[in-house]
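Worksheet for the structure shown next.
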Amino acid sequence: MSAPVLSIRNLSIDYIGADTDFPAVRNVSFDIMPGEFFGLAGESGCGKSTIAFAISRLHRPPALIRTGSQILLDGRDVLALDEAELRRFRWREVAMVFQSAMNSLNPVLTVEQQFFDVLKTHAGMSRTQARARAAELLAMVDISPDRLSSYPHQCSGGMRQRIVIAICLALNPKLLIMDEPTTALDVVVQREILGRIDTLRQQLSFSVLFITHDLALMVQACDRIGIMLEGELVEVNDAQTIYQSPQHPYTRRLWASLPRLTGAPMAGGASA
Amino acid sequence: MTDTTPILALHNVSKTFGRADRPVYAVRSISFALHRGRTLALVGESGSGKTTAARLIMREYRPDAGQLLFRGTPVGKSGLKSYRAAVQMVFQDPFAALNPAHTIRYHLERPLRLHRPGLKGAERRAAIDELLARVKLDPALIAPKYPHQLSGGQRQRISIARALAVDPEVIVADEPTSMLDVSVRLGILNLLNDMKRELGLALLYITHDIATARYVAEDIMVMYAGQIVEWGQTSSVLGNPQHPYTRLLLSAVPDPDRRFAQTASGDELNHIEDIRRRSALPQTQTREITPHHFMRPLPA
């Protein structure tokens, strides 16, 4: 069995307050294997985004990672990296798609310039090399290279989200973190984008950490799923077990709160 | 549909934006009716014209063509005040819909003062308490609070209470749960269901989440590119979808029984662009599938 890409051990993160500290993440441990699509689910405020930020050390005060916590990426201790090492680590090893990533593009730069920014800084590419690589990356997310000369506002929300994903994949990261990547998009576009990610991770063999509160979507996409409640990881299982025979009462409650499209109407069902 | 006269009906209503040489057909000749004690869901993706339809009903926009009938009478300048009292809206964003500088009591007192001037001091206070109790919030605890002190779900309950303050007959709810956590969503949907049953309200539920539409609505309409492409009883439309766009929309809804890898080659998801392009063409014919289920066939 191969070594995990990401290994998190006893991760505890507190938000430091003037009087009391708020424990956002409590003693969380899990692994993500190479090429694995791993999901982290839970309600707002359960700590799932805090974990995502901590993995690429993007957490800011008052968030504090407690001593004894360990984050290993490909065997490297992420919490021990210095500033220069961090700059090389981010994007090359771990890339992150934020919740409102489609609004994270710079509105006054063309798509090509935003690709060039990354490819020049991290890979030392020339304009010509960067243009070719950018066209290749756009093709991976089904966008025509004509779009390189567009500004973000000329692209639809779904297209902007795919452009951000393409930029994230520019340096062949080992792990792609997606924090609610499609929450602002409608179902058809969401399905297109996640289907594309699923194909790409098989072609390029990167791992995915996928964060959402939509359990049904998570079961469709993920190999394994972790369920979080108030900072604790209460259940980790393969997707089918989470769906067919959830072990933790909270996982069962989450399922019970989701209206379904087919099958029996839910408890207290609609009159329709 | 029921055989009683609808409270509110739209007849071939159209709305176009943009310049004459580059028109955007936001709503193209749509017709539907809202009945007492029933919920009609309007589903479709972003940009399909759902919100424009809501704004036409709220008289934020005037139709370029077609008619709005309220209890069988065309809605005009006269009687607009009673129309506004009868038709209320619940918005998508519970954070933006309330004024951060005022208490919850103020938010509920205002519509009561404007639309029910007969109520005096103590009666009005009792009415506020009753409204809060109706949306299952503790009046003593909630009334003096400011919006920022409430959760998203509580704020959406306040929006519903505010809509109910004027004794409306129709409520238009535009994505009322899309910004709430899954665990809170169901409470709001149940509340809307209770209101419909207890107060005999006619509800227009606008959403892109078809599973929640199934949960609250007896009837459903699927909208794409400004046209209603398929409509009828929710069970029939979702159980036996006929229009290619309805099928595409349904196949894209997250379903734990279908892994991504299992998409079949004949699946709508492999023809997204083609279905979108053809579904945007004008479709003027109507085909009856059953007496309670209709669609617009694509032009050949």
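Chains as they are written, first to last, in the working numbering: chain X, 156 to 427; chain F, -4 to 295.
Glycine residues also receive a C-beta, built at the ideal position from the N, C-alpha and C atoms.
Under the three-state reduction of DSSP, F:Ser246 is assigned to helix. According to the DSSP assignment, F:Ala49 belongs to the alpha helix (DSSP H) that extends over Lys45 to Ile52. The beta carbons of F:Glu225 and F:Thr207 sit no closer together than 7 Å. For X:Asp334, no chain F residue has a Cβ inside 9 Å of its Cβ, as the nearest lies near 15 Å away.
DSSP lists X:Phe185 and X:Ile226 as the beta-bridge partner residues of X:Ile163. Between F:Pro106 and X:Tyr398, the gap from beta carbon to beta carbon reaches 7 Å or more.
Excluding sequence positions up to five before and after F:Leu75, its CB lies within less than 8 Å of the CB of Arg54, all in the same chain and listed in chain order.
Residue environment analysis places F:Lys131 among the exposed positions, since fewer than 16 neighbouring C-beta atoms fall within 10 angstroms of its C-beta.
For F:Ile267, the neighbours in chain X by C-beta distance under 7 Å run, in chain order, Val343 and Glu347.
Interface residue (Cβ-Cβ distance to chain X less than 7 Å): F:His288 is not classified as such.
Assigned with DSSP and collapsed to three states, F:Asn7 falls in strand. Put simply, of F:Arg120, F:Val165, F:Val248 and F:Gln149 the residue whose alpha carbon is nearest the alpha carbon of F:Phe90 is F:Gln149. Here X:Val343 is not bridged, per DSSP, to any residue. The beta carbon of X:Gly223 sits closer than 6 Å to those of Asn165, all from its chain and outside the five residues before and after it, given in chain order.
Straight-line measurement puts the Cα of F:Ala60 at about 48 Å from the Cα of X:Arg408. Taking 7 Å as the cut-off, the Cβ atoms of F:Arg209 and X:Gln375 do not count as close. As summarised for the segment 226 to 257 of chain X, the continuous alpha helix (DSSP H) elements at least 4 residues long and confined to that stretch are 238 to 244, given in chain order.
The three-state reading of DSSP puts F:Ser26 in strand, counting E and B together. For X:Phe177, same chain residues with a beta-carbon under 7 Å away, outside a window of 5 residues either side, are Asp169 and Tyr170 in chain order. Chain X places no beta carbon closer than 7 Å to that of F:Ala220, leaving this residue out of the contacts. Straight across, the Cα-Cα distance linking F:Ala168 with F:Tyr200 is about 5 Å. The Cβ-Cβ distance between X:Gln254 and X:Asp334 falls below 7 Å. The C-beta of F:Ser173 comes no closer than 7 Å to any C-beta of chain X. The DSSP assignment places 177 to 194 and 205 to 211 as complete runs of the alpha helix (DSSP H) inside the segment 172 to 215 of chain F, in order along the chain (cut-off: 4 residues).
Just measuring C-alpha positions, the residue of F:Ala275, F:Gly234, F:Arg180 and F:Leu184 sitting nearest F:Tyr219 is F:Ala275. Interface annotation, X:Leu416: in contact with chain F, CB-CB separation under 7 Å. Remark: C-beta atoms of X:Thr337 and X:Gln345 approach each other more closely than 7 Å. Measuring C-alpha to C-alpha distances from X:Gly197 to each of X:Ser400, X:Ala394, X:Pro401 and X:Leu370 identifies X:Leu370 as the nearest. The beta carbon of F:Ser43 sits closer than 8 Å to the beta carbons of Met218, Tyr219, Ala220 and Gly221 from its chain, once the five residues preceding and following it are set aside; these are given in chain order.
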